[in-house]
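Visitor:
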Ligand SMILES: Cc1ncc(COP(=O)(O)O)c(C=O)c1O
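In UniProt numbering, the protein residues as written are 1 to 434.
1. What I want to know is whether the C-beta of residue 337 ends up closer than 7 Å to one or more non-hydrogen atoms of ligand 1.
2. Using DSSP bridges, identify the partner residues of residue 186.
3. Classify residue 44: buried if its beta carbon has 16 or more other beta carbons within 10 angstroms, exposed otherwise.
4. Which of helix, strand or coil does DSSP assign to residue 336?
5. Cβ of residue 286 versus every heavy atom of ligand 1: is any distance shorter than 7 Å?
6. Measure the alpha-carbon distance for residue 59 versus residue 251 and round it to whole angstroms.
7. At the level of alpha carbons, what is the spacing between residue 83 and residue 231?
8. Under 8 Å, with one C-beta from each stretch per pair, do the region 130-140 and the region 238-248 reach the 3-pair mark?
9. What residue from 214, 188, 96 and 38 has the CA that sits closest to residue 224's CA?
10. Hey, how far is the Cα of residue 197 from the Cα of residue 144?
11. Let me know the secondary structure DSSP gives residue 88 once reduced to three states.
12. From 303, 159, 424 and 61, pick the residue whose C-alpha is nearest to that of residue 214; which is it?
13. Can you tell me whether residue 246 is buried or exposed? The criterion is at least 16 other CB atoms within 10 Å of its CB, across all chains shown.
14. Can residue 365 and residue 42 be called in contact, C-beta distance under 8 Å?
15. Listed in chain order, which residues are found with a beta carbon closer than 5 Å to a heavy atom of ligand 1?
16. Keeping to the same chain, check which residues put their C-beta closer than 6 Å to that of residue 172; ignore five residues upstream and five downstream.
17. Say whether chain B places a C-beta atom closer than 8 Å to the C-beta of residue 330.
18. Output yes or no for whether 8 Å exceeds the beta carbon distance between residue 177 and residue 202.
19. How is residue 125 classed by DSSP in three states: helix, strand or coil?
20. Return the chain-ordered ranges of every alpha helix (DSSP H) run that is complete within the region 227-301 and spans a minimum of 4 residues.
21. Are the CB atoms of residue 438 and residue 342 nearer to each other than 8 Å?
22. Taking contact to mean at least 3 C-beta pairs separated by less than 8 Å, is the region 342-361 in contact with the region 310-320?
23. Are the Cβ atoms of residue 351 and residue 425 separated by less than 8 Å?
24. Could you pull the start and end residues of the alpha helix (DSSP H) that residue 136 belongs to?
25. Could you compute how far the alpha carbon of residue 388 sits from the alpha carbon of residue 378?
26. Taking C-beta to C-beta, are residue 244 and residue 212 nearer than 8 Å?
27. Is residue 131 closer than 8 Å to residue 273 when the C-beta atoms are compared?
28. At what residues does the beta strand (DSSP E) containing residue 378 begin and finish?
29. Give me the Cα-Cα distance between residue 372 and residue 348, rounded to the nearest whole angstrom.
30. What does the Cβ neighbour count give for residue 111, buried or exposed, with the cut at 16 atoms within 10 Å?
31. Would the beta-carbon of residue 288 fall within 8 Å of that of residue 127?
32. What separation, rounded to the nearest whole angstrom, lies between the Cα atoms of residue 53 and residue 398?
33. Do you know offhand how far residue 271's Cα is from residue 419's?
34. Starting from the N-terminal side, write out each stretch of the beta strand (DSSP E) that is 3 residues or longer and does not extend beyond the region 376-424.
35. For residue 92, count neighbouring C-beta atoms within 10 Å of its own C-beta (all shown protein chains included) and say buried if the count is 16 or more, exposed if not.
36. In terms of alpha-carbon separation, which member of 35, 32, 38 and 49 lies closest to residue 392?
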């Protein structure tokens with residue numbers, strides 16, 4: 001795009017006989033003349049409409065960030081404690097390209113288990129990343145550079161940015177069926193059928209827990225089936241784990257899919273984010289790891305991960321790594337974190353129960369069992385885009401048009417209002433169902 005704009009500028013500049021053609025405004029205008037305005041992020045549009053709404057009871061159920069029962073953002077007490085312990089540190093130097101080693105060591109233990117065989121055998125390559133998004137991007141670029149024949153299989157639907165990430169890394173994308181609208185649950189049959197079309201060396205993106213946007217996760221038995229198929233077909237699992245601990249309140253339970261694949265002896269990749277489970281959203285702290293076949297292979301892979309990071313951002317930021325290392329590296333803080341992450345998960349789970357209860361008390365004719373069966377920050381409600389529009393227009397309740405409710409924005413004070421509005425928009429004559 002810039003090239004096109006630059007060519008246009010040179011063309012105009014070359015034709016102009018006036019010195020004024022080279023004034024600052026002329027340069028600025030011609031150089032960027034052909035740059036189109038980017039399409040608006042749908043979440044941004046929701047936030048704008050929410051902010052412009054004057055209704056004091058308005059609700060923003062679009063944002064993917066935790067809120068307490070007063071709808072306020074939360075800084076965990078354990079984070080405050082870690083901050084006080086690292087305050088005054090004299091170390092403000094650059095981290096190495098791969099980030100803080102003590103941090104990545106603790107992170108892979110959290111993901112794979114402290115006594116995981118690949119860790120003991122020195123087969124894990126890992127670098128500190130710019131949160132979950134940065135980990136995915138490193139994986140995508142790694143694929144582009146070293147696995148040029150491999151395609152990435154992405155669930156349908158998924159977190160929308162997955163598509164952008166692998167598109168920008170120029171990796172061929174395939175989609176596999178995941179969600180079944182009729183049951184508002186997993187389409188295990190479709191998933192297995194689609195993945196069986198993968199070719200050896202293809203990479204499959206799996207949400208480790210709390211699938212975004214559906215909140216639908218495979219059961220342990222379904223994970224076993226998926227793992228077996230992928231082993232037979234020699235497909236490489238890449239786990240995007242943006243919600244460890246945040247889904248069930250238990251970090252080990254939320255990593256159960258990864259543990260199933262480990263038991264089956266898979267090599268795998270993993271993206272970890274501390275945005276949600278530690279509330280470190282803006283610190284951009286995460287970990288990207290790959291389990292390789294041998295320690296030598298892991299060493300080579302890690303060196304190439306660093307090589308990809310170097311020209312992008314040179315080395316990752318320090319503060320978040322200091323905080324996470326402090327929390328995971330001290331048993332008292334780790335215990336405290338487990339308690340606090342459990343508290344966040346439990347608040348969300350209790351809002352699911354309340355929402356379903358309220359809807360059923362209103363004698364809604366729609367089934368709402370999926371509200372409590374789904375897990376994590378999001379509830380894929382099953383309402384139509386028109387019903388979402390009506391929630392915004394008639395009730396000042398805002399969410400993405402796919403009907404995804406961020407449960408983090410639901411509180412004991414607004415849940416009954418949400419239930420009443422949902423009941424109204426789903427019981428009118430225009431109801432189109434899921
Ligand atoms: C599935 C999934 N992956 C990755 C991310 C990236 O999050 P972050 O870059 O803030 O860690 C998100 C955030 O919503 C997500 O839902």
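We treat Cβ as the ideally placed atom computed from N, Cα and C, and that holds for glycine.
Guide: Looking at the atomic coordinates:
1. At a cut-off of 7 Å, the beta-carbon of residue 337 does not count as near ligand 1: no heavy atom of the ligand is closer than that.
2. Answer is 179, bridged to residue 186.
3. In the assembly as shown, residue 44 is an exposed residue. Its beta-carbon has fewer than 16 other beta-carbons within 10 Å.
4. Helix.
5. Flag set: Cβ of residue 286 near ligand 1.
6. Rounded to the nearest angstrom, the gap between the Cα atoms of residue 59 and residue 251 is 30 Å.
7. If you take the alpha carbons of residue 83 and residue 231, they lie about 43 Å apart.
8. Judged by Cβ distances under 8 Å, the region 130-140 makes contact with the region 238-248, as three or more pairs qualify.
9. Of the listed residues, the one whose Cα sits closest to residue 224 is 188.
10. In this structure, the alpha-carbon of residue 197 lies about 21 Å from that of residue 144.
11. Coil at residue 88, not helix or strand.
12. Cα-wise, what sits closest to residue 214 is 159.
13. Classification of residue 246: buried, given that the 10 Å Cβ count is 16 or more.
14. Not closer than 8 Å, so no.
15. Every residue passing the under-5 Å Cβ criterion appears here: 64, 131, 132, 133, 159, 212, 240, 242, 273 and 275.
16. 151, listed in sequence order.
17. Given the protein chain composition of this structure (a single chain), no chain B is represented.
18. A distance of 8 Å or more separates the beta carbons of residue 177 and residue 202.
19. Look at residue 125 here: in three-state DSSP terms it is strand.
20. For the region 227-301, the full-length alpha helix (DSSP H) segments reaching 4 residues or more read 251-254 and 256-263 along the chain.
21. For the chain, the structure presents residues 1 to 434; residue 438 sits outside this window and is missing.
22. Taking 8 Å as the limit for Cβ pairs, the verdict is that the region 310-320 does not touch the region 342-361.
23. No. Outside cutoff.
24. Where residue 136 is concerned, the enclosing alpha helix (DSSP H) starts and stops at 131-146.
25. Rounded to whole angstroms, residue 388 to residue 378 spans 15 Å at the Cα level.
26. For the 8 Å CB-CB criterion, residue 244 and residue 212 do not form a contact.
27. Result yes, Cβ atoms of residue 273 and residue 131 sit closer than 8 Å.
28. Where residue 378 is concerned, the enclosing beta strand (DSSP E) stretches over 378-380.
29. Rounded to whole angstroms, residue 372 to residue 348 spans 10 Å at the Cα level.
30. Per the 10 Å Cβ criterion, buried.
31. Cβ atoms of residue 288 and residue 127: closer than 8 Å.
32. When rounded, the distance between both Cα atoms is 10 Å.
33. Distance between the alpha carbons of residue 271 and residue 419: 35 Å.
34. Segments of the beta strand (DSSP E) lying fully in the region 376-424: 378-380 and 404-406.
35. Taking a 10 Å sphere around the C-beta of residue 92, we find fewer than 16 other C-beta atoms and assign the residue as exposed.
36. Minimum Cα distance to residue 392 is reached at 49.
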